[in-house]
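Structure first, commentary second.
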Amino acid sequence: MRRYTARLLGFLAVSAIAAFIGAGAYVYYGGYDTSALQQHSEPVYRVLQYVRERSILARSDFDTPDLTSLDWQHAGLMNYETYCRQCHGAPGRAPDSFSLGMKPAPTAIAELARKRSPQELYEVIEQGIKMTGMPAWAYRLNQAEMWQLVALVKQIANMTHADYDNYLVQAQEESPQQTETRPRRSEEIASATELPTMEGLSRIDAGRVAMQQYNCTSCHMIPGVTAARNQVGPPLGGITQRSYIAGLLEYSDNNLIKWIRFPTTVDKDTLMPDLGVSQVHAEAMLAYLKSVE
């Protein structure tokens, strides 16, 4: 019996090693097609869908405000047109063309309105979903604005094309300054109020998340932040120990915050763009960078 068990374990170990080597060779030689012209296989798609559903459900146990009391007709609708309609569409309104080729495809808003609970909708809006193109809006909208979007989406379940168009016309008439929708910069959020994603996090951890959410890793290598190893700009490890920032500003905490928030004000020719980093997020980034000196 012992000999049989040892042989079985040996066979399983060899099989596991062979499978690992085979999978590695499959990836190394480009066997897996990452083209967005090709769909995931049905088993892969269903597994990813199940993982996503269970993750959202496990994190959606919290109270909701009275959705009927929220300004979904105006502020919610204008924010939806600015941030959401491009991918999810609206009653009788198609998503923008770029989103039609996304893999996985963004879910139609009517489907989300009918099947998702308010808590699930809020969780997805606030936290986003990895590897789907759905961003976390917690660093761009405040709680009230995200709940307004939830309230609007639940109303969309019963809207016709004409209903949506009528609400949109009314919202544009009452908010003429927002008729041309545009992404709102983070400094337009009340910077004295920490945004939801920072709740429950230390200042250092909040800074790490902020550096991810402002996509600092698209140009910089940052210790402790998982991303591609891009070096458009210098690595940020030890930046708080340097004598100068970008070769222009003498280092101080305030000058680093100034550079993070308004780089083109310091140097109009810099490749680093103004990302609209709020004061509170810049301070959290500073705390994180100091922790990885």
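The numbering of the sequence shown is UniProt numbering, which starts it at 1 and goes up by one. The beta carbon of each residue, even a glycine, is placed where N, CA and C say it ideally should be. These numbers were taken from a predicted model, which means no experiment stands behind them.
Check: What do you get for R3, buried or exposed, if any count of 16 or more other CB atoms within 10 angstroms of its CB means buried?
Finding: Taking the sequence shown and counting its residues from 1, the one referred to as residue 3 is at position 3. Looking at its Cβ environment, which holds fewer than 16 other Cβ atoms inside 10 Å, R3 is exposed.
Can you give me the C-alpha to C-alpha distance between V209 and R93, rounded to a whole angstrom?
Position 209 of the sequence shown, counted from the first residue, corresponds to residue 209. Position 93 of the sequence shown, counted from the first residue, corresponds to residue 93. Going by the C-alpha atoms only, they are around 34 angstroms apart.
request  = Have a look at A6 and G22 and give me their C-alpha separation to the nearest angstrom.
outcome  = Position 6 of the sequence shown, counted from the first residue, corresponds to residue 6. Position 22 of the sequence shown, counted from the first residue, corresponds to residue 22. Roughly 24 angstroms between the two C-alpha positions.
- prompt: Would a C-beta distance cut-off of 8 angstroms place I129 and R52 closer than the cut-off?
  reply: In the sequence shown, residue 129 corresponds to position 129, counting from 1. In the sequence shown, residue 52 corresponds to position 52, counting from 1. In contact: I129 and R52 (Cβ atoms closer than 8 angstroms).
Over the uninterrupted alpha helix (DSSP H) stretch that includes Y167, give me the two end residues. Locating residue 167 in the sequence shown gives position 167, counting from the first residue. Counting along the chain, the alpha helix (DSSP H) containing Y167 begins and ends at 161–174.
Notebook entry, point to check: Considering only residues of the same chain and omitting the five flanking positions on each side of E123, which have a CB-CB separation below 6 angstroms?
Noted result: What you label residue 123 is simply residue 123 of the sequence shown in a count that begins at 1. So the qualifying residues of the chain are I56, R59, S60.
Per the DSSP calculation, I129 is bridged to which residue(s)?
Residue numbering aside, residue 129 sits at position 129 when the sequence shown is read from its first letter. According to DSSP, which records beta bridges pairwise, I129 is partnered with M134.
>> To the nearest angstrom, how far is the alpha carbon of L236 from that of L289?
In response: Here residue 236 corresponds to residue number 236 of the sequence shown, with the count starting at 1. Here residue 289 corresponds to residue number 289 of the sequence shown, with the count starting at 1. Each residue's Cα considered, the two are about 7 angstroms apart.
Close beta carbons around I17, own chain, < 6 angstroms, minus the five adjacent residues each side: Residue numbering aside, residue 17 sits at position 17 when the sequence shown is read from its first letter. Counting only Cβ-Cβ distances below 6 angstroms, and skipping sequence neighbours, we find nothing.
List the endpoints of the continuous alpha helix (DSSP H) containing E293. Within the sequence shown, residue 293 is the residue found at index 293, counting from 1. Segment: none, E293 is in no alpha helix (DSSP H) and carries neither H nor E.
#### Entry: Rounded distance between the beta-carbons of M285 and I245, thought under 8 angstroms
By one-based count along the sequence shown, residue 245 stands at place 245. By one-based count along the sequence shown, residue 285 stands at place 285. The pair is not a contact, with the Cβ atoms about 13 angstroms apart (cut-off 8 angstroms).
Nearest to E293 by CA position, among L271, R242, S252, is which residue? As a position in the sequence shown, residue 293 is number 293, starting the count at 1. With distances taken between Cα atoms, E293 lies closest to R242.
Cα-Cα separation between S191 and V14, rounded to whole angstroms = On the sequence shown, position 191 is the one that residue 191 refers to. On the sequence shown, position 14 is the one that residue 14 refers to. Caution is warranted here: a pLDDT of 43 is assigned to S191, below 50, making its placement in the model unreliable, and the coordinate value is therefore given only provisionally. Looking at the two C-alpha atoms, the distance is approximately 58 angstroms.
- Task: Just list the alpha helix (DSSP H) runs in the UniProt domain "Cytochrome c" (202–293), keeping only unbroken ones of 4 residues or longer that don't cross its boundaries, in chain order.
- Result: 203–213, 253–261, 263–266, 279–291
Delimiting residues of the alpha helix (DSSP H) encompassing R54:
Here residue 54 is taken as the residue at index 54 of the sequence shown, counted from 1. First-last of the alpha helix (DSSP H) with R54: 42–58.
Short of 6 angstroms in beta carbon distance, which residues of its chain neighbour residue 298, apart from the five on each side in sequence? Order them along the chain. A query on residue 298 cannot be resolved here, the shown segment of the chain reaching from 1 to 293 and no further.
Q: Tell me whether V277 is buried or exposed, calling it buried when 16 or more other Cβ atoms sit within 10 Å of its Cβ.
A: Counting from 1 along the sequence shown, the entry for residue 277 is found at position 277. It counts as buried.
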